[in-house]
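Per the working numbering, the very first residue in the sequence shown carries number 42; after that it's consecutive.
By construction, the Cβ of each residue, glycine as well, lies at the ideal position given by its N, Cα and C atoms.
Shown next, in structure tokens, is the structure this report addresses.
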Amino acid sequence: MDPPSRPSASLFDVYLRLRPSNTAEHERFLQVEAPSGSNAPTHITVQPPANDPRKRAIEKFAFTRVFEEDAGQLDLFRETGAVQMVEGVLGARGREGRDALIATLGVTGSGKSHTILGDKAQRGLTQLTLDLLFQHTAPHLAPVDTSAAVFPSLCAADVSEAQLMPAAHFLDNIYDETHGRASRAATPAIVRDSAFHTTTKLPGAFPMPEELVPAKKTTQVFDRLYPSLSKYQLQQPATSPSTALRSPSRFAHLTRSIAKLTSPFQDTSFLSTAQTSRKYVPRLSALPQYPSVDDIELEVDTTCEYAIVVSMYEVYNDKIHDLLTASAGAMKALQKRRALLYQKTELSPVRKVVAGLRKVVCSDLDEALLVLETGLQERRVAGTGSNATSSRSHGFFCIEVKKRHRASIPGPWSSSTFTIVDLAGSERARTAKTTGTHLAEAGKINGSLMYLGQCMELQSELHRTATSAIAVPYRNCKLTKLLFTNFFAPSTSTVRRQPQKAVMIVTADPGGDFYATGQILRYSALAKNIVAPRVPSTTSTILAGSNAPPPRTGANSAASGRTSPSTSSATTAALQDELATALAAIASLRQDLEITALELQHERLRREEAEENWQAAVLHAEEVEAEVREEVWAEMEARLVLEQRRWRAARDAEVEAGEAVLDAKISVLVRGLEKGGEADKENVEIFQDDEGERVRELEDEVGMLKGRLRETEEAGSRSPSKEMRSPSKKMRVLKSRRWDGSGMGVEEGW
């Protein structure tokens with residue numbers, strides 16, 4: 042197979058990195074082909090296991106380069122073109138930068154996260170990239186912390202509707218505000234000279250140049266309460282950017298944010314298998330410092346000033362989530378995080394961006410590393426049967442390099458992005474032993490990686506055939522949209538940008554899962570070839586041998602058409618061996634078929650049982666609903682009867698009270714009339730000579746009233762009780778008798 046042609050600028054450069062196998066019991070199925078001359082290896086051969094029942098063919102795959110097990114992190118950083126990509130992001134003199142992307146792809150547990158993030162002993166590509174960037178841009182970084190105009194200009198130049206903030210403010214919000222001020226009292230006051238504000242020796246503080254320490258002696262209450270951590274801190278190289286001269290105000294701000302919250306004996310980082318508490322930020326002195334990139338040189342445009350903006354997000358279950366927005370004190374922040382949109386914005390009408398991210402402006406390497414670890418603590422990680430720390434999402438770490446011309450009136454900011462992607466690994470449920478939520482996560486991960494493989498395979502095919510008849514389906518999921526959108530410039534765009542430079546690092550375990558690794562290699566390789574044809578079936582071999590003419594040896598055999606006894610016996614023995622092999626294969630297949638049939642029957646029974654349980658649950662739910670409805674109806678009826686009785690009692694009480702008032706008034710009237718009659722008689726006797734006519738009228742009126750009174754008394758004497766009762770009392774007695782004796786229900790009372 043010919044070596045693969047160099048891909049164009051719009052395609053992935055695909056590198057293969059082999060992980061040292063940690064198990065000796067598995068057979069090695071990946072073999073690196075020796076290169077010609079002094080060139081690096083570019084081809085591997087995949088040999089199926091000896092016990093492979095499917096008799097797969099031997100396949101050969103071509104990559105840009107193959108890194109064997111002894112390759113280090115720095116070798117990978119140099120040889121994959123990451124240094125040139127960093128230089129391209131910074132941009133040449135007078136030109137804008139070019140977007141870059143590095144992604145890792147492979148089976149779970151094959152070393153993807155180790156390649157991107159490193160471990161406790163050595164740094165990954167992310168830390169090396171940040172170190173290289175800050176080493177060469179430190180003299181040319183815009184003064185974000187000291188200038189009042191730089192940060193607002195960065196906010197105005199952002200096109201993704203993001204929330205920008207300086208790194209010191211971000212770290213204070215996450216660690217200082219959330220825990221330091223809410224969990225304990227304020228830090229004791231410090232009595233010091235006001236010349237400098239960076240002389241406090243706090244736990245976990247960064248080392249300071251001696252020339253910044255004032256000569257005057259200071260008295261610090263904090264130092265008397267908390268011991269020094271100098272014996273726990275690691276010695277950093279003198280050439281490390283973290284020991285470079287910094288602005289005193291920014292140095293003190295960052296030191297206070299970390300020193301308040303650093304546990305004196307904490308020695309954990311984002312690479313630990315145990316979950317680090319969000320209350321403490323890992324000490325920078327405990328992070329790995331190897332390998333170093335001090336000997337790598339870059340060309341930087343000295344006529345411009347730069348600003349480095351960092352953001353992090355993940356694609357979890359085909360949704361985009363920001364890794365820098367979850368509060369450290371929110372226990373359920375992961376479940377309630379808002380999904381972000383990948384869309385066009387008002388300031389970016391042509392290119393799609395992840396809108397609404399939180400972006401942090403970093404002024405040095407230490408701030409960038411702290412932001413990186415803050416985001417990594419929010420990423421989804423779980424243990425499976427294949428990997429103890431398996432990533433359950435695709436992680437994106439974006440480094441935006443802002444660049445503008447340095448002048449008295451600065452020019453506009455241009456932006457280029459270096460994106461580092463840690464893809465989640467594909468896994469088989471049988472091997473990983475995942476269930477429930479983790480099984481659903483694995484389905485989403487495998488689906489997105491399948492779409493990614495289709496896009497890479499079609500893109501490689503289009504590049505080899507030089508045709509554009511087939512469209513790359515990169516819009517099928519969020520992952521392929523984020524990875525492939527910047528490859529294709531929109532036809533409506535008036536601004537011509539260079540397509541992003543992309544590198545795909547495929548990681549593989551030579552002694553790992555043969556089937557999953559082979560699938561990854563098939564759709565990620567730049568070229569592939571089957572070097573051995575598929576073995577024909579035994580049945581076709583037997584039929585071909587029986588129908589074909591027997592072989593002939595010698596002239597006599599050719600003339601007579603007969604075969605020698607030795608040749609015939611050899612052919613018969615070979616056929617018998619093949620027949621025995623075929624019968625053994627058939628028996629094995631039958632056994633597998635029987636096992637599959639039993640499993641199918643078992644699954645069918647389980648499904649029927651589940652359906653019966655579901656129907657029983659539905660019936661039970663209906664019965665419970667009917668009972669609840671009946672109980673509610675009975676309770677409502679009882680309350681309605683009670684309310685009716687209460688209303689009637691209140692009405693009767695009101696009527697009784699009214700009748701009592703009426704009876705009292707009638708009694709008063711009767712007594713008044715009786716007294717009035719006697720007085721009238723006296724008046725008649727006294728004044729009869731003077732007002733005779735008036736007296737007669739009064740006498741007539743008194744007589745009429747007495748007649749009415751007699752009628753009333755007679756009506757009362759006719760009552761069965763033979764007692765004097767008023768009409769209202771008689772009516773009340775009749776009503777009470779009717780209510781007590783009838784026993785009527787709710788409807789009878791109306």
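Inset, instruction - Could you tell me which residues DSSP puts in a beta bridge with Val350? - result: What you label residue 350 is simply residue 309 of the sequence shown in a count that begins at 1. Val402 and Glu441, per the DSSP bridge assignment.
Inset, instruction - Whole angstroms is fine: what's the gap from Glu468's alpha carbon to His435's? - result: Numbered from its first residue, the sequence shown carries residue 468 at position 427. Numbered from its first residue, the sequence shown carries residue 435 at position 394. Cα to Cα, Glu468 sits roughly 14 Å from His435.
Inset, instruction - Just the C-alpha distance for Asp116 and Phe108, rounded to the nearest angstrom, thanks. - result: Mapped onto the sequence shown, residue 116 falls at position 75. Mapped onto the sequence shown, residue 108 falls at position 67. Distance between the alpha carbons of Asp116 and Phe108: 9 Å.
Legend entry - Span separating the alpha-carbon of Gln72 from that of Thr156: As a working mapping, residue 72 is identified with position 31 in the sequence shown. As a working mapping, residue 156 is identified with position 115 in the sequence shown. Going from the Cα of Gln72 to the Cα of Thr156 covers about 21 Å.
Inset, instruction - From the DSSP output, in three-state form, read off Ala419 for me. - result: Against the sequence shown, residue 419 aligns to sequence position 378. According to the sequence displayed, residue 419 carries Glu and not Ala. Residue state, collapsed to three classes: coil.
Legend entry - Buried or exposed by the 16-neighbour rule on C-beta atoms within 10 Å, applied to Thr121: Within the sequence shown, numbered from 1, the residue matching residue 121 stands at position 80. Thr121 should be labelled buried.
Legend entry - As assigned by DSSP and simplified to three states, the class of Ile561: The count along the sequence shown starts at 1 and reaches residue 561 at position 520. Residue state, collapsed to three classes: helix.
Inset, instruction - Can you say whether Ala162 is buried or exposed, counting buried as having 16 or more other CB atoms within 10 angstroms of its CB? - result: Against the sequence shown, residue 162 aligns to sequence position 121. Ala162 comes out exposed.
Inset, instruction - Pull up the DSSP beta-bridge partners for Asp363, would you. - result: By one-based count along the sequence shown, residue 363 stands at place 322. Tyr354, per the DSSP bridge assignment.
Legend entry - Lys153, enclosing alpha helix (DSSP H) - first and last residue: Here residue 153 is taken as the residue at index 112 of the sequence shown, counted from 1. Run containing Lys153: Lys153 to Leu158, per the alpha helix (DSSP H) assignment.
Legend entry - Cβ-Cβ distance between Arg69 and Ala549 below 8 Å: Position 28 of the sequence shown, counted from the first residue, corresponds to residue 69. Position 508 of the sequence shown, counted from the first residue, corresponds to residue 549. No; because the gap between Cβ atoms is not below 8 Å, this pair is not in contact.
Inset, instruction - Find the nearest neighbour of Phe53 within the set Phe437, Glu740, Lys474 and Ala566, judged by alpha-carbon distance. - result: If you number the sequence shown from 1, residue 53 lands on position 12. Minimum Cα distance to Phe53 is reached at Ala566.
Legend entry - Assigned secondary structure, Tyr793 (DSSP; H/G/I helix, E/B strand, else coil): A question about residue 793 goes unanswered here, because the residues of the chain that appear run from 42 up to 791.
Inset, instruction - Return the first residue and the last residue of the alpha helix (DSSP H) that Pro193 is part of. - result: Position 152 of the sequence shown, counting from 1, holds the residue named residue 193. Counting along the chain, the alpha helix (DSSP H) containing Pro193 begins and ends at Val191 to Ala198.
Legend entry - Where Val123 falls, given that 16 or more other Cβ within 10 Å makes a residue buried: As a working note, residue 123 is residue 82 in the sequence shown. Sequence check: residue 123 is Ala here, not Val. With 16 or more other Cβ atoms within 10 Å, it is buried.
Legend entry - Sequence-distant residues of the same chain with beta carbon closer than 6 Å to Leu746, five excluded per side: On the sequence shown, residue 746 is found 705 positions in, with the first residue counted as 1. Hits under 6 Å: Leu714.
Legend entry - Coarse secondary structure for Arg737, derived from DSSP in three states: As a first step, residue 737 must be located in the sequence shown, where it is residue number 696. It is helical.
Legend entry - Beta carbon of Tyr556 nearer than 8 Å to that of Glu498: Here residue 556 refers to the residue found at position 515 of the sequence shown. Here residue 498 refers to the residue found at position 457 of the sequence shown. Not a contact, by the Cβ cut-off of 8 Å.
Inset, instruction - Look up His490 in the DSSP assignment and say whether it is helix, strand or coil. - result: In the sequence shown, the residue the question calls residue 490 occupies position 449. Residue identity check: residue 490 is Leu in the sequence provided, not His. Helix.
Legend entry - Three or more C-beta pairs below 8 Å linking the region 385-392 and the region 187-195: no
Inset, instruction - Determine the contact status of Thr344 and Arg447, defining contact as a CB-CB distance below 8 Å. - result: Indexing the sequence shown from 1 puts residue 344 at position 303. Indexing the sequence shown from 1 puts residue 447 at position 406. Their beta carbons are under 8 Å apart, which means Thr344 touches Arg447 by this criterion.
Legend entry - Ala179 beta carbon less than 8 Å from that of Trp454: Within the sequence shown, numbered from 1, the residue matching residue 454 stands at position 413. Within the sequence shown, numbered from 1, the residue matching residue 179 stands at position 138. No, they are not a contact pair.
Inset, instruction - Flag this pair as yes or no: are the beta carbons of Ile349 and Ala380 separated by less than 8 Å? - result: Counted from its first residue, the sequence shown places residue 349 at position 308. Counted from its first residue, the sequence shown places residue 380 at position 339. It is not a contact, given that the beta carbons lie outside the stated cut-off.
Legend entry - Ile99, DSSP secondary structure in three states: Reading the sequence shown from its first residue, position 58 is the one you call residue 99. If DSSP states are grouped into helix, strand and coil, Ile99 belongs with coil.
Inset, instruction - Check whether the Cβ atoms of Ala543 and Leu142 lie closer than 8 Å to each other. - result: Here residue 543 corresponds to residue number 502 of the sequence shown, with the count starting at 1. Here residue 142 corresponds to residue number 101 of the sequence shown, with the count starting at 1. Yes, Cβ-Cβ distance for Ala543 and Leu142 is below 8 Å.
Inset, instruction - Could you tell me which residues DSSP pairs with Val73 in its beta bridges? - result: By one-based count along the sequence shown, residue 73 stands at place 32. Val73 pairs with Ile85.
Inset, instruction - Could you tell me if Glu441 is buried or exposed, where buried requires 16 or more neighbouring beta carbons within 10 angstroms of its beta carbon? - result: The sequence position of residue 441 within the sequence shown is 400, counting from 1. By the neighbour-count rule (16 or more Cβ atoms within 10 Å), Glu441 is buried.
Inset, instruction - Starting from His435, follow its DSSP beta bridges and name the residues at the other end. - result: Stepping through the sequence shown from its first residue, residue 435 is reached at position 394. Beta-bridge pairing links His435 to Val356.
Legend entry - Distance, Phe175 Cα to Pro278 Cα: Along the sequence shown, one-based indexing puts residue 278 at 237. Along the sequence shown, one-based indexing puts residue 175 at 134. Any reading at Pro278 is ruled out, since the residue's pLDDT is 42, under 50, leaving its predicted position unreliable.
Legend entry - Where Leu523 falls, given that 16 or more other Cβ within 10 Å makes a residue buried: As a first step, residue 523 is located in the sequence shown; it is residue number 482 there, counting from the start. Looking at its Cβ environment, which holds 16 or more other Cβ atoms inside 10 Å, Leu523 is buried.
Inset, instruction - To the nearest angstrom, report how far apart Val351 and Gln539 are at their CA atoms. - result: On the sequence shown, position 310 is the one that residue 351 refers to. On the sequence shown, position 498 is the one that residue 539 refers to. Going from the Cα of Val351 to the Cα of Gln539 covers about 22 Å.
Inset, instruction - Just the C-alpha distance for Asp140 and Pro451, rounded to the nearest angstrom, thanks. - result: Indexing the sequence shown from 1 puts residue 140 at position 99. Indexing the sequence shown from 1 puts residue 451 at position 410. Between Asp140 and Pro451, the C-alpha separation is close to 23 Å.
Legend entry - Where the beta strand (DSSP E) containing Gly147 begins and where it ends: Working through the sequence shown from its first residue, we reach residue 147 at position 106. Per DSSP, Gly147 belongs to the beta strand (DSSP E) from Ala141 to Gly147.
Inset, instruction - Classify Pro207 as helix, strand or coil using the three-state DSSP reduction. - result: Within the sequence shown, the letter at position 166 stands for residue 207. Of the three classes helix, strand and coil, the one that applies to Pro207 here is strand, per DSSP.
Inset, instruction - Could you check which residue in Ala465, Ile546 and Pro184 has the C-alpha nearest to that of Leu520? - result: On the sequence shown, residue 520 is found 479 positions in, with the first residue counted as 1. For Leu520, the nearest C-alpha among the options comes from Ala465.
Inset, instruction - May I have the straight-line CA-CA distance separating Val673 from Glu652, to the nearest angstrom? - result: Here residue 673 refers to the residue found at position 632 when the sequence shown is read from its first residue. Here residue 652 refers to the residue found at position 611 when the sequence shown is read from its first residue. Cα to Cα, the separation comes out at about 31 Å.
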